[in-house]
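Enquirer: Numbering (the numbering used here), first residue to last: 183 to 542. No residue lacks a Cβ here, since even glycine has one placed at the ideal position from N, Cα and C. Fair warning: this is a prediction, and the values are worked out from it, not measured in the lab.
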Ligand code: F0G
């Protein structure tokens, strides 16, 4: 039998590039090492010659890219003696914080916007034993409260303003470079707080500076049209979008993200809710890949820029799908057009249902 070492998470894998030492107790759930899938059917529909790869971050342990940052943030919090972590969240950060706190044996407090997080994410925070504090306000208000409360309470903030978060998240860029044996020409991401786009740029830049790659991608950040401060050139006070994960009007990594755009010669753009949901559905129906609405913003934006030629033919494009589709079953069921037929439990009715739908 061929022996393959057990994969034990991204800190172990990228130890040399992360701020840990030999004695650090690693808090891991085996995050990272996610698939980089080449799209087969969607590029054909565009009629353009482009290679589109999907970095499927929904396959992390809690179903989103947040696990990459959370393994680092919680590892360091525990190392520094913290007994409790806190975050504001549109859902995924709270799910990851709750899970990694459980793994570490410490407490988690999560502030979420009342009624505005997807059901799967709420279920995760609750199951992992976090104290869920629903606020009658949006993410931006929650973030402000978390910063204030942490000044008076012995809790460690694990939002992406915690520098260890971005350190963990940069490893996604390492994985992409290693699999492609080069950097892509374009890397497309959904943007909320803009932590992830900044983390990816950090990762690409480290490999570039180490001489591992000769180029870096243009970073393309796509926002939901109702929550697009980078397009408006200033903060948005009442952000709205069906993509609740990126319903953010006051991004925490504002300066960092503008720097990424400048340095990488990339751009920001916005997608309507309709475009986002159409891309989510296209991925599910044409490629068998299920992501949550916010995640599909990266592909929605990329497809538009491929169509207009802003992303030229012959390009190698990576789109990050940040979270799994199962996070938000309500939206999925609402917009699915797949037939669900109810019939009597007889051979004849089941056969008829098959034959009726075969032609469609
Ligand atoms: N996609 C998903 C699925 C997210 O959950 C988030 C952020 C983003 C994209 C945007 O990433 O903020 O680094 O630009 N979710 C945070 C949360 C805000 O609380 O889960 P970003």
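(1) Would you decide whether residue 417 is buried or exposed? Buried here means 16 or more other CB atoms lie within 10 Å of its CB.
(2) Does the distance from the CB of residue 469 to the CB of residue 221 come in under 8 Å?
(3) Within a Cβ cutoff of 6 Å, which residues of the same chain sit near residue 346, ignoring the five residues on either side of it in sequence?
(4) According to DSSP, is residue 428 helix, strand or coil?
(5) Exposed or buried, which one is residue 201 when buried takes at least 16 other CB atoms within 10 Å?
(6) Would you say the region 430-448 touches the region 495-503, given that touching needs at least three Cβ pairs under 8 Å?
(7) If residue 408 sits next to residue 466, beta carbons under 8 Å apart, how far is it from one beta carbon to the other, in whole angstroms?
(8) Quick one: is the Cβ of residue 379 within less than 7 Å of any heavy atom of ligand 1?
(9) Decide if the region 212-227 is in contact with the region 183-197; the criterion is three or more beta carbon pairs, one per stretch, under 8 Å apart.
(10) Can you tell me which of the three DSSP states residue 367 falls into?
(11) In or out: residue 424 buried (at least 16 other Cβ within 10 Å) or exposed?
(12) For residue 205, does the three-state DSSP call read helix, strand or coil?
(13) Checking the sheet assignment: what are the DSSP bridge partners for residue 506?
(14) Is it buried or exposed for residue 312, if we count other Cβ within 10 angstroms and need 16 for buried?
(15) For residue 248, does the count of other Cβ atoms within 10 angstroms reach 16, so buried, or fall short, so exposed?
(16) Rounded to a whole number of angstroms, what is the C-alpha to C-alpha distance between residue 277 and residue 243?
(17) At the level of alpha carbons, what is the spacing between residue 543 and residue 434?
(18) Taking the alpha-carbon positions, what's the residue 512 to residue 263 distance?
(19) Just reading off the beta strand (DSSP E) that residue 313 is part of, what are its end residues?
(20) With a threshold of 8 Å, are at least 3 pairs of Cβ atoms found where one atom belongs to the region 426-440 and the other to the region 374-382?
(21) How is the beta strand (DSSP E) around residue 406 delimited, first residue to last?
(22) On the three-state DSSP scale, how would you describe residue 235?
(23) Have a look at 419, 420 and 403 and flag the residue whose alpha-carbon is nearest the alpha-carbon of residue 412.
(24) Kindly identify the DSSP beta-bridge partner or partners of residue 338.
(25) Using the three-state DSSP reduction, which class does residue 527 fall into: helix, strand or coil?
(26) Exposed or buried, what is residue 396 when buried is set at 16 or more other beta-carbons lying within 10 Å of its beta-carbon?
(27) Is the beta carbon of residue 503 sitting closer than 8 Å to the one on residue 458?
Expert: Based on what the coordinates show:
(1) On the chain shown, position 235 is the one that residue 417 refers to. Residue 417 should be labelled exposed.
(2) Your numbering for residue 469 matches position 287 in the chain shown. Your numbering for residue 221 matches position 39 in the chain shown. Yes.
(3) As a first step, residue 346 must be located in the chain shown, where it is residue number 164. Within the same chain, Cβ atoms closer than 6 Å to the Cβ of residue 346 are found at 254, 255 and 258, the five residues on either side in sequence being excluded.
(4) Residue 428 sits at position 246 when you count from the first residue of the chain shown. Here residue 428 sits in helix by DSSP.
(5) Indexing the chain shown from 1 puts residue 201 at position 19. Exposed.
(6) Verdict: no, contact absent.
(7) Locating residue 408 in the chain shown gives position 226, counting from the first residue. Locating residue 466 in the chain shown gives position 284, counting from the first residue. With a Cβ gap of about 23 Å, residue 408 and residue 466 do not count as contacting.
(8) In the chain shown, residue 379 corresponds to position 197, counting from 1. The answer is yes for residue 379.
(9) Contact holds: three or more Cβ-Cβ distances are below 8 Å.
(10) Sequence index remark: in the chain shown, residue 367 carries index 185 (1-based). Judged by DSSP in its simplified three-state form, residue 367 adopts coil rather than helix or strand.
(11) The residue given as residue 424 occupies position 242 in the chain shown. By the 16-neighbour rule on beta-carbons within 10 angstroms, residue 424 is buried.
(12) Translated into positions along the chain shown, residue 205 becomes position 23. Three-state result, residue 205: coil.
(13) The residue you call residue 506 lines up with position 324 of the chain shown. Looking at the DSSP output, residue 506 sits in a beta bridge with 473.
(14) Position 130 of the chain shown, counting from 1, holds the residue named residue 312. By the neighbour-count rule (16 or more Cβ atoms within 10 Å), residue 312 is buried.
(15) Along the chain shown, one-based indexing puts residue 248 at 66. That one is buried.
(16) For this step, residue 277 is matched to residue 95 along the chain shown. For this step, residue 243 is matched to residue 61 along the chain shown. Spanning the two alpha carbons is a distance of roughly 10 Å.
(17) In the structure as shown, the chain starts at 183 and stops at 542, and residue 543 therefore has no counterpart that could be examined.
(18) The count along the chain shown starts at 1 and reaches residue 512 at position 330. The count along the chain shown starts at 1 and reaches residue 263 at position 81. Their backbone Cα atoms lie some 39 Å apart in a straight line.
(19) Here residue 313 corresponds to residue number 131 of the chain shown, with the count starting at 1. Segment 313-317, the beta strand (DSSP E) holding residue 313.
(20) Below 8 Å, enough C-beta pairs join the region 426-440 and the region 374-382 to call them touching: three or more.
(21) One-based indexing of the chain shown puts residue 406 at position 224. Note, residue 406: beta strand (DSSP E), 400-406.
(22) Translated into the one-based positions of the chain shown, residue 235 becomes position 53. Note: residue 235 maps to strand in three-state DSSP.
(23) Position 230 of the chain shown, counted from the first residue, corresponds to residue 412. Ranking 419, 420 and 403 by Cα distance to residue 412 puts 403 first.
(24) By 1-based counting over the chain shown, the position of residue 338 is 156. The partner list for residue 338 (beta bridge, DSSP) reads 267.
(25) Walking along the chain shown from the start, residue 527 turns up at place 345. Here DSSP, grouped into helix, strand and coil, assigns residue 527 to coil.
(26) Translated into the one-based positions of the chain shown, residue 396 becomes position 214. With a threshold of 16 other beta carbon atoms within 10 Å, residue 396 falls short and is exposed.
(27) For the purposes of this step, residue 503 is taken as residue 321 along the chain shown, with counting starting at 1. For the purposes of this step, residue 458 is taken as residue 276 along the chain shown, with counting starting at 1. With respect to the 8 Å criterion, residue 503 and residue 458 are not classified as neighbours on the basis of their beta carbons.
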